[in-house]
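One structure is given below, encoded as structure tokens.
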Amino acid sequence: MFTNPNAATASQDQLIWKMLFDRQTALLHRRAVPVFWDNLARLGYRREIIPDIRELSATVFEETGWQLAPVGRPFEPAAFFALLAERKFPVVTRIRPMYAFDFSPEPDLFHDLFGHVPMLLEEGLANFLHELGQAYVAQPEGSPAREQLWALYFFTAEFGMVQHDGRPMLYGAGLLSSAGEIHHCVNELTPRPAFDLATVLRTPVTGARYQNQYFMLPAWEQLSECVEELAGILATGR
């Protein structure tokens, strides 16, 4: 099931995948939400071999109805959310170079396959992403609401934390896939305020460096509950 189609760079890419896989699984012990570990196993991830995106997509589709869409590089939010609205998740096909090992300022193959795809098997999060996509494409181009929806995605699916059995745990792909971001996040000096939708919507997104703060969900259920609250905010234009 697992092959790398790029024969010219296969050896280097496999080495980077293996090193990242080993380091992240060690760093995430007792820090990542349990469902992340369950889904790594369900998908059959291995440290030695990069998953084949097409075959992995077929597995994800059987489990969830979502598909993976290979892309050469990250693209603008409008195209990204349009895919989410169709239950498709873009996966960048290139892996980060060695000089960006600790922190990749843009999504790469490891970020998407290791960080995002296992969490797509979490039904609540997958439904949340689909509803975000639908809400985004329903807003006119240039609408401030689109920036708010991007912030909501960013501070949940990318850099979200949640209380689980009384402990703060990581579920955002930007945290799951980055050693540097993990160390910054768990630093006792880094703010981790409770998740509040109105606050999240007006918090600036920082993509090229570590986050100034991370928002903590009190429970998974709040993720689905905030969609209804969001609909009210968008309807009133607040």
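One rule links them: number in the numbering used here = place in the sequence shown (from 1) + 758. For glycine and all other residues, C-beta sits at the position ideal for the given N, C-alpha and C. For clarity, every value in this text was computed on a predicted model and none was experimentally measured.
Alpha carbon to alpha carbon, what distance is there between Thr961 and Ala816? Taking the straight line from one Cα to the other gives about 36 Å.
Between Pro876 and Leu801, which are expected to be in contact by the criterion C-beta below 8 Å, what is the C-beta distance as a whole number of angstroms? At roughly 6 Å, the Cβ-Cβ gap stays under 8 Å, so Pro876 and Leu801 are in contact.
If contacts are defined as beta-carbon pairs under 8 Å, then Leu933 and Val791 qualify, I think. What distance do you get, rounded to the angstrom? About 10 Å separates the two Cβ atoms, so there is no contact after all.
Could you check the C-alpha separation between Leu786 and Ala977 for me, to the nearest Å? A straight-line Cα-Cα distance of about 19 Å links Leu786 and Ala977.
Based on DSSP bridge pairs, tell me the residues matched to Arg699. Given that the chain is displayed from residue 759 to residue 996, the structure contains no residue 699 and the question cannot be resolved.
Cβ shell of Asp780 (< 8 Å), same chain only, five flanking positions each side left out: Only Arg805 meet the Cβ criterion.
Kindly indicate the opening and closing residues of the alpha helix (DSSP H) around Val818. For Val818, the uninterrupted alpha helix (DSSP H) run begins and ends at 811-822, by DSSP.
For a quick check, are the C-beta atoms of Val963 and Phe912 less than 8 Å apart? Yes, Cβ-Cβ distance for Val963 and Phe912 is below 8 Å.
Is it the case that the stretch 916-923 contacts the stretch 968-982, given that we only count it when at least three CB pairs across the two stretches are under 8 Å? With a cut-off of 8 Å, the stretch 916-923 and the stretch 968-982 count as touching, because enough Cβ pairs lie within range.
Three-state secondary structure (DSSP) of Leu947: Reduced to three states, the DSSP call for Leu947 is coil.
For Glu986, does the three-state DSSP call read helix, strand or coil? Residue state, collapsed to three classes: helix.
Give the list of continuous beta strand (DSSP E) stretches no shorter than 3 residues that lie fully inside the stretch 852-927. If we require 3 residues or more, the beta strand (DSSP E) runs fully inside the stretch 852-927 come out as 919-922.
Give the secondary structure of Leu773 by DSSP, where H, G and I count as helix, E and B as strand, and everything else as coil. Collapsing the DSSP output to three states places Leu773 in a helix.
For Pro976, which of helix, strand or coil comes out of DSSP? Coil, per DSSP.
Using the Cα positions of Phe838 and Glu946, report the straight-line distance between them to the nearest angstrom. Rounded to the nearest angstrom, the two C-alpha atoms are 33 Å apart.
Leaving out five residues before and five after Pro832 in sequence, what residues of the same chain have Cβ atoms less than 7 Å from its Cβ? These residues qualify, in order along the chain: Val850, Glu864, Pro865.
Going by beta-carbon coordinates alone, are Ser935 and Phe859 separated by less than 8 Å? Contact annotation: Ser935 and Phe859 have beta-carbon atoms that are not nearer than 8 Å.
From this set, His888, Val944, Gly990, Ala799, which residue's C-alpha is nearest Phe973's C-alpha? Checking every option, the nearest Cα to that of Phe973 belongs to Val944.
What residue range does the beta strand (DSSP E) around Val958 cover? For Val958, no beta strand (DSSP E) segment is defined; the enclosing uninterrupted segment is the alpha helix (DSSP H) at 955-959.
How big is the Cα-Cα spacing for Glu880 and Val793? Straight-line Cα distance between these residues: approximately 7 Å.
Which listed residue (Glu983, Asp771, Leu778) has its alpha carbon closest to that of Asn1003: Limits of the chain in this structure are 759 at one end and 996 at the other, which puts residue 1003 out of reach.
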